[in-house]
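A.B. asks:
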Amino acid sequence: KGKGVVNIVFNKIVGSLKNIVTSGNMETRLKKWRSGIEAVISNIKRGFAMHRCEWKGREHFDAKVLWSVIAYNIRVITRLLLPKLQQQSQ
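Residues in the sequence shown are numbered consecutively from 880, following the working numbering.
(1) Can you check which of these residues, Gly936, Ser947, His939, Trp934, is closest to Ile920 by C-alpha distance?
(2) Going by the CB atoms, is the gap between Lys943 and Trp934 shorter than 8 Å?
(3) Using only the alpha-carbon positions, how far apart do Ile822 and Asn922 sit?
(4) Does DSSP put Ala918 in a helix, a strand or coil?
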């Protein structure tokens with residue numbers, strides 16, 4: 880709070896969110912945002928073997944994470960564009 884931070888949004892305990900967040904609408908939005916982020920993280924972990932990184936060193940770990948995120952984004956973009964491309968070809 881000394882640095883100007885007003886709200887904390889990563890709190891998992893719902894009861895404490897009520898003490899931090901000023902409105903019910905904001906609380907609902909934060910819960911939905913957090914569940915969306917958890918879904919993306921879970922998808923990346925399961926789809927790209929992110930449970931344990933066997934690449935040695937910090938640079939290799941960073942490279943593994945970077946390429947996994949790039950591959951995930953390509954997969955998501957392809958999934959969104961594929962129906963549009965199929966409609967155009969028909």
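Just so you know, even glycine gets a beta-carbon here, dropped at the ideal spot from N, CA and C.
Source: prediction; values computed, not measured.
C.D. replies: On the basis of the coordinates in this document:
(1) If you number the sequence shown from 1, residue 920 lands on position 41. Taking only the C-alpha atoms, the option nearest Ile920 is Ser947.
(2) Counting from one through the sequence shown, the residue named residue 934 turns up at place 55. Counting from one through the sequence shown, the residue named residue 943 turns up at place 64. Taking 8 Å as the Cβ cut-off, Trp934 and Lys943 qualify as a contacting pair.
(3) In the structure displayed, the chain extends from 880 to 969; residue 822 sits before or after that span and is not available.
(4) Here residue 918 corresponds to residue number 39 of the sequence shown, with the count starting at 1. Helix, per DSSP.
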